[in-house]
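Residue numbers (our numbering): 5 to 150.
This report concerns only the one structure given below.
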């Protein structure tokens, strides 16, 4: 990526962030995928959580962890603790695979199941876990893994 492209991406993220702070509803599947691709794509793994209210409006988009080129540490306890602190009702997990291949690893699937169990126990809804690759996004719900 060229420095000019990086600048454009940073500016686009800023514009999107301002838009969402005024209009915090992602109203279509494509809008969600576009948002995910813009916010988490990059050279290192990043793990974000969208915390949502009862009407699925965004309360917060939080970067909970950054990692290396092929791993990001995720602690289910911290994901759920933050949901409770924000009074969220639902979550969407998002992370990227810098390799470009959004295929979930066994660790991705295991971590998602742990978060799903905690959410269910505490009355939270885990809507999806989206993995962002190079030009493509993959939904664990669409794969039948949630």
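Built from N, CA and C at the ideal position, the CB exists for glycine as well.
Where residue i falls, given that 16 or more other Cβ within 10 Å makes a residue buried
| i | result |
| --- | --- |
| residue 103 | exposed |
| residue 75 | exposed |
| residue 65 | buried |
| residue 108 | buried |
| residue 141 | buried |
| residue 8 | exposed |
| residue 49 | buried |
| residue 125 | exposed |
Bridge-paired residues (DSSP) for residue i
| i | result |
| --- | --- |
| residue 141 | 136 |
| residue 62 | 56 |
| residue 96 | 54 and 132 |
Reduced DSSP category for residue i - H, G, I as helix; E, B as strand; rest coil
| i | result |
| --- | --- |
| residue 103 | coil |
| residue 67 | strand |
| residue 45 | coil |
| residue 6 | coil |
| residue 147 | coil |
| residue 38 | helix |
| residue 18 | helix |
N-terminal and C-terminal residue of the alpha helix (DSSP H) that residue i is part of
| i | result |
| --- | --- |
| residue 123 | 110-126 |
| residue 85 | 80-89 |
| residue 74 | No alpha helix (DSSP H) contains residue 74, which DSSP labels as neither H nor E. |
Distance cut-off 8 angstroms: residue i Cβ against heavy atoms of the ligand FAD
| i | result |
| --- | --- |
| residue 137 | This structure lacks the ligand FAD, and indeed carries no ligand of any kind. |
Min CB distance residue i to chain B below 9 angstroms
| i | result |
| --- | --- |
| residue 140 | Here chain B cannot be found, since the structure has a single protein chain. |
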